[in-house]
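Here is the structure we will look at, set down as structure tokens.
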Ligand SMILES: *Cc1c(COP(=O)(O)O)cnc(C)c1O
């Protein structure tokens, strides 16, 4: 058997037809720059995040960078964040001219909110938590802390659209919250796309300006900025597959539960929590590299996501050392098993049997 880690093909013929029809409609009306599909999509995104407004962006990275710009975060400011993330969230902070302050993780790999207070200095402007692998951070606590200290919260929701706890969604807690719908995410475009959500009308206007070269009315430039507009064709396709999102999340949860039920006691498995959307399914084991090689030699693509903490990346090694012992330990032990929606039950059984075989438990 050959099991890919990720499968971006559109296998469902009905979905294929609907996507192509959406592209055709968009090409026919020809409003390709911030067309009507973008407005419609923004309403849905705001709804999914329990916020009033969404501003479509060309990518998740753009939305993070422009969210911080909209909050006037810049040189001399510090932003508290996690080292357990994709570099985009740290890049956004550094591109603004601000300094990232890394706080260690909890055993569930999200930022440890109890360590945030000691990281706050007079220069701290914001907290940027990342819902890693699709599990919501302790957001109620983080927002309470931020309010107490007068800090902004910017959530990185890239891996966690629709993740929730106690009925509150990822993307609903921060002042501005940032989504990615790049082709690899749980809710995917067929290329790059992102969005920033907020309840603040003034911030919404600023984000709309910042995504359009910093212009007001598309002509007068008020802030030097990027072109970070979401593509109308991608918006049209996102409007089609958003209807499949609940089913996809349901299937991811089902796969995660199957893995945890089957592999508990053999490797360290994630807890199955109702609100987790399982962008990744990550086990931990001391024999990580050997298990990965074994799975690969048996046709199962397992991945280490990510193999490096941000602090270990070439771009960031020169930053002052952070005290992040748990993150430094966990990063050596994580391995992600395939969890995409095209996987069959038979394939899942095979993955489980390979992991068991490696550990000598037999079939
Ligand atoms: C994917 C991702 C991003 C960036 O999104 P892009 O759309 O690829 O720019 C940011 N943060 C995290 C945690 C991500 O997984």
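In the numbering used here, the protein residues as written are 951 to 1313. The beta-carbon is built from N, C-alpha and C at its ideal position, and this holds for glycine as well.
If distances are taken between C-alpha atoms only, which option among the options comes closest to residue i?
i: residue 1216; options: 1126, 1308 and 1122; result: 1308
i: residue 1252; options: 1258, 1244 and 1259; result: 1244
i: residue 1191; options: 1274, 1235 and 1138; result: 1138
i: residue 1028; options: 1150, 1043, 1058 and 1275; result: 1043
i: residue 1057; options: 1018, 1219 and 1169; result: 1219
i: residue 1048; options: 1295, 1031 and 1212; result: 1031
i: residue 1282; options: 993, 1298 and 1236; result: 1236
i: residue 1195; options: 1061, 1149, 1295 and 1290; result: 1290
i: residue 1024; options: 1041, 1035, 1266 and 1034; result: 1041
i: residue 1076; options: 1296, 1279 and 1125; result: 1125
i: residue 1180; options: 1207, 1199, 1168 and 1130; result: 1130
i: residue 1203; options: 1160, 1246 and 1136; result: 1136
i: residue 1268; options: 1280, 1232, 974 and 1050; result: 1050
i: residue 1039; options: 1171, 1011, 1019 and 1101; result: 1011
i: residue 1294; options: 1201, 1255, 967 and 986; result: 1201
i: residue 1117; options: 1169, 1165, 1101 and 1223; result: 1223
i: residue 1297; options: 1026, 1208 and 1264; result: 1208
i: residue 1234; options: 1248, 1246, 1214 and 1247; result: 1214
i: residue 1381; options: 1263, 1175 and 995; result: In the structure displayed, the chain extends from 951 to 1313; residue 1381 sits before or after that span and is not available.
Under DSSP, the beta strand (DSSP E) around residue i begins and ends at which residues?
i: residue 1106; result: 1102-1106
i: residue 1229; result: Run containing residue 1229: none; DSSP gives neither H nor E here.
i: residue 1196; result: Premise fails: residue 1196 lies in the alpha helix (DSSP H), 1195-1213, not in any beta strand (DSSP E).
i: residue 1138; result: It is not in any beta strand (DSSP E) - residue 1138 carries neither H nor E in the DSSP assignment.
i: residue 1047; result: Unbroken run through residue 1047: none, as it is neither H nor E.
i: residue 1031; result: 1028-1031
i: residue 1003; result: 1003-1007
i: residue 1076; result: 1074-1078
i: residue 1287; result: 1284-1287
Which same chain residues, not among the five before or five after residue i, have their C-beta less than 8 Å away from its C-beta?
i: residue 1313; result: A caution first: residue 1313 carries a pLDDT of 46, below 50, which makes its placement in the model unreliable, though a value can still be read off. Correct list, in chain order: 1303, 1306 and 1307.
i: residue 1278; result: 1259
i: residue 903; result: Residue 903 is absent from the model: the chain starts at 951 and stops at 1313.
i: residue 969; result: 960, 1140, 1187, 1190 and 1191
i: residue 1171; result: 1163, 1164 and 1165
i: residue 1074; result: 1027, 1028, 1029, 1030, 1051, 1099 and 1101
For the alpha helix (DSSP H) containing residue i, name the first residue and the last one.
i: residue 1315; result: The structure shown does not extend to residue 1315, since the chain is modelled only from 951 through 1313, so no value can be given for it.
i: residue 966; result: 963-979
i: residue 995; result: 986-998
i: residue 1090; result: 1089-1099
i: residue 1011; result: 1010-1020
i: residue 1191; result: 1182-1191
i: residue 1304; result: 1295-1308
i: residue 1126; result: Premise fails: residue 1126 lies in the beta strand (DSSP E), 1126-1130, not in any alpha helix (DSSP H).
i: residue 1243; result: 1238-1247
i: residue 1276; result: 1275-1280
i: residue 1069; result: 1066-1069
According to the Cβ coordinates, are residue i and residue j closer than 9 Å?
i: residue 1257; j: residue 955; result: no
i: residue 1132; j: residue 1017; result: no
i: residue 1182; j: residue 965; result: no
i: residue 1230; j: residue 1083; result: yes
i: residue 1261; j: residue 1033; result: yes
i: residue 1143; j: residue 1009; result: yes
i: residue 1065; j: residue 1104; result: no
i: residue 1036; j: residue 1108; result: yes
i: residue 1205; j: residue 1053; result: no
i: residue 1284; j: residue 1240; result: no
i: residue 1003; j: residue 1197; result: no
i: residue 1161; j: residue 1177; result: yes
i: residue 1046; j: residue 1019; result: yes
i: residue 1199; j: residue 1228; result: yes
i: residue 1055; j: residue 1276; result: yes
i: residue 957; j: residue 1167; result: no
i: residue 1059; j: residue 1248; result: no
Leaving out five residues on either side along the sequence, give the residues of the same chain with a beta carbon under 7 Å from the beta carbon of residue i.
i: residue 991; result: 1006, 1185, 1188 and 1189
i: residue 1301; result: 953, 1250, 1287 and 1288
i: residue 1086; result: 1110, 1113, 1114, 1115, 1120 and 1225
i: residue 1221; result: none
i: residue 1310; result: none
i: residue 987; result: 976, 1182, 1185, 1186 and 1189
i: residue 1154; result: 1003, 1005 and 1148
State yes or no: is the C-beta of residue i nearer than 8 Å to some heavy atom of ligand 3?
i: residue 1253; result: Only ligand 1 can be found as ligands here, which leaves ligand 3 out of the picture.
Among residues of its own chain, excluding the 5 on either side of residue i, which ones have a beta-carbon nearer than 6 Å to its beta-carbon?
i: residue 1099; result: 1070
i: residue 972; result: 1186, 1187 and 1190
i: residue 1246; result: none
Does the beta carbon of residue i sit closer than 9 Å to a beta carbon anywhere in chain C?
i: residue 1154; result: Going by chain labels, chain C is absent from the structure shown, which holds only one protein chain.
Specify which residues have a beta carbon nearer than 6 Å to any heavy atom of ligand 1, listing them in chain order. 1009, 1010, 1011, 1035, 1036, 1038, 1039, 1080, 1106, 1108, 1109, 1130, 1132, 1142 and 1144
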